[in-house]
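Below you'll find the structure, written out as structure tokens, and then a few comments.
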Amino acid sequence: MTSWFGCCWPASRGRQALRATSRSINYALGLGITQFLELGSGDPHISAAHAAIAAARTQPAPRIVLIDHDVIVRARAELDMENQPPDWHRSTFVEGNVFATGWMLASLAKRGLLDLDQRVCVLAVDILHFGEPDINVRSVPRRLARRLAPGSLIAATHLADQPLRPPADTGVLEDLRADTARWRRAHHRCAPPHHLLRSPADFASLLADLDLLHPGITTPGCWPEPDNTANPRAPYTLAAVGRVPEHSGHAKAHNARPQARQRTR
Ligand SMILES: C[S@@+](CC[C@H](N)C(=O)[O-])C[C@H]1O[C@@H](n2cnc3c(N)ncnc32)[C@H](O)[C@@H]1O
Numbered sequence: 001m002t003s004w005f006g007c008c009w010p011a012s013r014g015r016q017a018l019r020a021t022s023r024s025i026n027y028a029l030g031l032g033i034t035q036f037l038e039l040g041s042g043d044p045h046i047s048a049a050h051a052a053i054a055a056a057r058t059q060p061a062p063r064i065v066l067i068d069h070d071v072i073v074r075a076r077a078e079l080d081m082e083n084q085p086p087d088w089h090r091s092t093f094v095e096g097n098v099f100a101t102g103w104m105l106a107s108l109a110k111r112g113l114l115d116l117d118q119r120v121c122v123l124a125v126d127i128l129h130f131g132e133p134d135i136n137v138r139s140v141p142r143r144l145a146r147r148l149a150p151g152s153l154i155a156a157t158h159l160a161d162q163p164l165r166p167p168a169d170t171g172v173l174e175d176l177r178a179d180t181a182r183w184r185r186a187h188h189r190c191a192p193p194h195h196l197l198r199s200p201a202d203f204a205s206l207l208a209d210l211d212l213l214h215p216g217i218t219t220p221g222c223w224p225e226p227d228n229t230a231n232p233r234a235p236y237t238l239a240a241v242g243r244v245p246e247h248s249g250h251a252k253a254h255n256a257r258p259q260a261r262q263r264t265r
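Using the UniProt record's numbering, you'd call the opening residue of the sequence shown number 1 and step up by one each time.
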């Protein structure tokens with residue numbers, strides 16, 4: 001079985017994810033957010049989030065925590081971080097399961113890697129669709145909304161089995177579905193986890209605890225503009241950036257009990 005990393009991804013898709021990541025980070029930097037967290041980062045040397053933070057010239061200098069559960073990614077991250085220029089030291093790599101969201105946040109706070117009383121920008125780019133069927137993926141944005149300071153941002157993308165706007169030509173939709181099915185079969189020859197597709201409505205419901213920024217649900221290549229693509233192509237991906245609302249239940253005392261939350265996902 002092929003190693004997961006780098007498997008089956010069309011180059012155009014990578015460019016779109018990169019664009020969504022760097023635009024979201026620049027937006028958050030413009031709001032004065034200095035803490036970033038990338039869920040499912042992959043290797044630092046090809047992480048768009050890591051590159052955007054290393055290149056940022058805002059003061060105070062931003063910092064990012066990169067999380068991935070893959071031991072090979074961790075080994076590469078350790079190599080990547082050695083003997084690098086000072087701006088690379090804004091990134092810290094942590095091995096962990098991002099779907100254990102409560103544990104993850106408590107652990108990062110305990111280690112002093114995240115200040116949960118300050119706003120955070122979370123990059124959930126190309127990760128939520130890896131939630132296995134037994135995982136309640138909606139709990140990830142929900143727990144983030146409860147634990148992060150109001151005004152925090154969550155940028156999320158998700159593979160979809162239908163476009164936002166039905167194409168005028170039904171042949172386009174049939175091609176999209178056939179290409180998506182072919183692409184998923186190819187990807188399933190790689191090591192798990194494998195993607196689960198969601199509709200735009202299901203993606204919206206994942207993010208229901210957040211206030212979505214304009215234009216709501218769009219695609220990674222278009223954010224922050226609406227997607228008016230007439231001929232959507234596979235693999236079709238949705239994107240949105242949500243803000244943690246004031247009434248999200250954020251509480252300092254709640255953030256200080258890592259043991260209690262390790263038992264829940
Ligand atoms: C498609 S890559 C995304 C890389 C990066 N976010 C980007 O935008 O380019 C997905 C990464 O998520 C990681 N991953 C998948 N499931 C995970 C989990 N449960 N916890 C942590 N990392 C996970 C994989 O190891 C892989 O490196």
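Here a beta-carbon is modelled for each residue, glycine too, at the ideal position from N, C-alpha and C.
Identified DSSP bridge partners for residue i
i	result
D68	E95
T218	A239
R198	A160
R63	Q35
8 angstroms Cβ cutoff, residue i in contact with chain B
i	result
L196	In summary, chain B is missing from the structure at hand, where a single protein chain is found.
Residue i - containing beta strand (DSSP E), residue span
i	result
T157	L153 to L159
residue 266	The chain is shown only over 1 to 265; residue 266 falls outside these bounds and no answer can be derived.
Boundaries of the alpha helix (DSSP H) in which residue i is found, first to last residue
i	result
V122	Where V122 is concerned, there is no enclosing alpha helix (DSSP H), although the beta strand (DSSP E) it sits in stretches over V120 to A124.
L105	T101 to K110
A186	T170 to H187
R138	Looking at the DSSP string, R138 is not in any alpha helix (DSSP H), and its letter there is neither H nor E.
Euclidean distance between Cα positions of residue i and residue j
i	j	result
L66	A178	34 angstroms
H247	A160	30 angstroms
G151	S22	19 angstroms
T2	R184	Any reading at T2 is ruled out, since the residue's pLDDT is 35, under 50, leaving its predicted position unreliable.
L79	G42	13 angstroms
residue 269	A75	Because the chain spans 1 through 265 in this model, residue 269 falls outside it and cannot be assessed.
L173	Q162	8 angstroms
I46	H214	28 angstroms
F203	H158	7 angstroms
D169	T229	12 angstroms
I25	D134	31 angstroms
A208	P220	19 angstroms
R19	H194	23 angstroms
Q16	K110	34 angstroms
F93	A145	23 angstroms
G216	P226	8 angstroms
G102	I127	17 angstroms
R189	S205	30 angstroms
P245	Q118	14 angstroms
N83	I72	19 angstroms
A55	P232	32 angstroms
Y27	Q35	13 angstroms
L196	T218	19 angstroms
W4	A52	Confidence is the limiting factor: at W4 the pLDDT is only 41, short of 50, which leaves the residue's position unreliable and the question unanswerable from this model.
I154	V125	10 angstroms
R143	V120	13 angstroms
P167	L108	44 angstroms
P44	A77	6 angstroms
R165	E38	29 angstroms
As assigned by DSSP and simplified to three states, the class of residue i
i	result
D211	strand
L206	helix
R57	coil
G30	helix
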